[in-house]
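Our numbering applies: residue 10 is where the sequence shown begins, and numbers increase by one. Ideal Cβ positions, reconstructed from N, Cα and C, are used throughout, including at glycine.
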Amino acid sequence: MPTHGPPPAAFDHVCWGYRDVGEFVTRARDFLADGVAAGERILYVASGDETALAGQLRVDARLDEAFRRGAVQVVPVEAAYRTGTAVDPVTQVERYAAATAEALAAGYTGLRVAADVTSLVRTPAQLDAFARYEHRVDHFMAANPMSALCGYDLEELGEDVVAQLACLHPAAHAGATPFHLHGHGRPESSAALAGDVDPAARRLWPLALERADLRAAGGGRSRSTPPA
Numbered sequence: 010m011p012t013h014g015p016p017p018a019a020f021d022h023v024c025w026g027y028r029d030v031g032e033f034v035t036r037a038r039d040f041l042a043d044g045v046a047a048g049e050r051i052l053y054v055a056s057g058d059e060t061a062l063a064g065q066l067r068v069d070a071r072l073d074e075a076f077r078r079g080a081v082q083v084v085p086v087e088a089a090y091r092t093g094t095a096v097d098p099v100t101q102v103e104r105y106a107a108a109t110a111e112a113l114a115a116g117y118t119g120l121r122v123a124a125d126v127t128s129l130v131r132t133p134a135q136l137d138a139f140a141r142y143e144h145r146v147d148h149f150m151a152a153n154p155m156s157a158l159c160g161y162d163l164e165e166l167g168e169d170v171v172a173q174l175a176c177l178h179p180a181a182h183a184g185a186t187p188f189h190l191h192g193h194g195r196p197e198s199s200a201a202l203a204g205d206v207d208p209a210a211r212r213l214w215p216l217a218l219e220r221a222d223l224r225a226a227g228g229g230r231s232r233s234t235p236p237a
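Encoded structure:
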């Protein structure tokens, strides 16, 4: 069963598991149009060439107008990430940090990204690296004016894989997960936890802790086993 988080808000980070790509494109248009209304720079990343990606968005009058004034960018996923290999979490966060700074310098209120990143988690090594990246970039978004909608194809990846990613977002549309371990804006906070860490979380919890690389206050690793 899908889990439903709150609707995307400014500077939010949402995992969107979908079963039909048209569903994700429709949701991405609404998410990005909210960013246009908020004065943000818009970035859309998915499979396909730039003409096809632009066409997916420009059918929405709100986004078409933003295209004409240069507020919307479309980038094939192959150009935004190193597809076919495992993403480097640190490098990828640095790229989005730079893009956010550029948006602010250009007079926008922040950066809003909708990205279908299914192709980046097809192997176990890719999944592990991208999950680590999702948690790291969530920390950045918790303290900086960037928001993102991350799309994952449930039919291709399976619910288990999407759940491993969904639990590292503060909100998720699909990908059954009993908890959300995500970033927090306060400097003294390592992470925030929502939901239930109970026996139902026994499989996901150790993976999430390992990928988040959380440390206890004394310097050791956080406990990886949920209560019985």
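{"query": "Close Cβ partners of Leu190 (< 7 Å) along its chain, the five nearest in sequence each way excluded", "result": "Cys176, Leu177, Ala200, Leu202, Ala217, Ala221"}
{"query": "For Arg141 and Leu163, the rounded distance between their alpha carbons", "result": "20 Å"}
{"query": "Exposed unless 16 or more other CB atoms sit within 10 angstroms - verdict on Ala157", "result": "buried"}
{"query": "Cα-Cα separation between His144 and Gly192, rounded to whole angstroms", "result": "7 Å"}
{"query": "Extent of the continuous alpha helix (DSSP H) run through Leu129", "result": "Taken as a continuous stretch (DSSP letters only), Leu129 belongs to no alpha helix (DSSP H), as it is neither H nor E."}
{"query": "Assigned secondary structure, Glu28 (DSSP; H/G/I helix, E/B strand, else coil)", "result": "The amino acid occupying residue 28 in the given sequence is Arg; Glu does not appear at that position. Arg28: coil per DSSP, three-state reduction."}
{"query": "Simplified DSSP state of His22, which is helix, strand or coil", "result": "strand"}
{"query": "Bridge partners - Pro98, DSSP secondary structure assignment", "result": "Answer by DSSP bridge pairing: none, since Pro98 is not bridged."}
{"query": "Exposure of Ala210, with buried meaning 16 or more beta-carbon neighbours within 10 Å", "result": "buried"}
{"query": "3 or more residues per run - each beta strand (DSSP E) lying fully within the segment 30–56", "result": "50–55"}
{"query": "Contained alpha helix (DSSP H) runs [length at least 4] in the segment 105–171, N- to C-terminal order", "result": "133–152, 163–166"}
{"query": "Local conformation of Leu213 per DSSP, three classes", "result": "helix"}
{"query": "DSSP state of Val86 mapped onto helix, strand, coil", "result": "helix"}
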